[in-house]
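What follows is a set of notes on a single structure, which appears directly below.
Numbering (full-length UniProt numbering), first residue to last: 1 to 312.
Here is the structure:
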């Protein structure tokens, strides 16, 4: 005679099942993400759009989603890189990909093309990852005006326009998720990275505002703010490219970041970055700004020294 499970055992099983359902799980026909049961993608294949998905965090975030069995639309400016990354993802993870060539630095002119390419595609998640940084730290008057516009078009324009383009479909379906990738630079003004830090403050403000507007419509909106990650966006510093426990490579970072999707609305995406973020916020803004200026001056000198060494 089979014994019946005790109530405590049933509760334990139910708890494990709930915990399991909260995770981003692998399934060839669906991505199940829950946040107060409002973001649920049903029995048809869910598509995730990743901007800037050919390098760094964007590429590895796409890889991690593909590992979970999710089909992808990758948007970036380099057609050769797009083709190579799409082929790599399809071979490794047996998912489908679609690529869209678009240079976000060109501004408003590109979005008609993107809208046409995304027409009638039921987008489940939009990852607004694309971003650029300074080549190296410099004061405002040393930065070429053309670079200023590139920073604004890519770091501010893309997250704004892509959200405006994709969000109505999510609202109509009553489900969806946005991941807006910011940076720890949002925490204070940053001398020698003036425009970059300001664009990331915009992403922070924009994300929190649209969350207030649309979370009641079944849309999960995540603000993702990494600290330093070992990617080419930080190529001005060999120390950052070499990485360490506090400066993870993009693959390590993406694995942690994807695990927060549907679970945490505001996150650095990586546990050690969370510790850094917490302690930085304790200090007053004026102190953070002074410390940021000093750190950026060190990065500037490191870049100048490395450039001088290479030229000799």
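Ideal Cβ placement from N, Cα and C applies to all residues, glycine included. Note that the structure is predicted; figures quoted are calculated from it, not measured.
- In this structure, residue 125 sits near residue 177, with a CB-CB distance shorter than 7 Å.
- Contact between residue 100 and residue 75 is confirmed by a C-beta separation of about 5 Å, below the 8 Å threshold.
- Residue environment analysis places residue 250 among the buried positions, since at least 16 neighbouring C-beta atoms fall within 10 angstroms of its C-beta.
- Scanning 167, 132, 171, 180 for the CA closest to the CA of residue 150 turns up 132.
- Contact annotation: residue 156 and residue 180 have beta-carbon atoms that are not nearer than 7 Å.
- Going by C-alpha positions, residue 306 is about 19 Å away from residue 139.
- Here the alpha carbons of residue 143 and residue 209 stand approximately 30 Å from one another.
- With fewer than 16 other Cβ atoms inside 10 Å of its own Cβ, residue 304 counts as exposed.
- With three or more CB-CB distances shorter than 8 Å, the stretch 187 to 195 counts as touching the stretch 284 to 297.
- Note: residue 177 is bridge-paired with 125, 220 in the DSSP secondary-structure output.
- In terms of Cα proximity to residue 269, the closest of 239, 220, 254, 234 is 254.
- In the DSSP assignment, the residues bridged to residue 74 are 50, 99.
- In the three-state reduction of the DSSP assignment, residue 244 falls in the strand class.
- Three or more beta-carbon pairs drawn from the stretch 57 to 74 and the stretch 83 to 93 are found closer than 8 Å, and the two stretches are therefore classed as touching.
- Around the C-beta of residue 285, fewer than 16 other C-beta atoms lie within 10 Å, and the residue is accordingly described as exposed.
- The residue from 55, 71, 72 with its alpha-carbon nearest to that of residue 78 is 55.
- The alpha-carbon separation between residue 107 and residue 243 amounts to approximately 33 Å.
- For residue 267, the pairing in a beta bridge is given by DSSP as 224.
- Burial check for residue 245: the Cβ neighbour count within 10 Å stays below 16, so the residue is exposed.
- Within the same chain, Cβ atoms closer than 6 Å to the Cβ of residue 110 are found at 102, the five residues on either side in sequence being excluded.
- With a cutoff of 7 Å on beta-carbon distance, residue 230 and residue 247 are scored as near each other.
- With a 10 Å radius around the Cβ and a threshold of 16 neighbouring Cβ atoms, residue 200 comes out buried.
- Counting along the chain, the unbroken alpha helix (DSSP H) around residue 291 starts and ends at 285 to 311.
- One Cα belongs to residue 96, the other to residue 53, and the distance between them is close to 15 Å.
- Straight-line measurement puts the Cα of residue 271 at about 8 Å from the Cα of residue 256.
- Looking at the DSSP output, residue 249 bridges to 230.
- In this structure, the CA atom of residue 212 is about 36 Å from the CA atom of residue 235.
- By the Cβ neighbour-count rule, residue 145 is exposed, with fewer than 16 other Cβ atoms within 10 Å of its own.
- For residue 182, the closest alpha carbon among the candidates 300, 48, 266 is that of 266.
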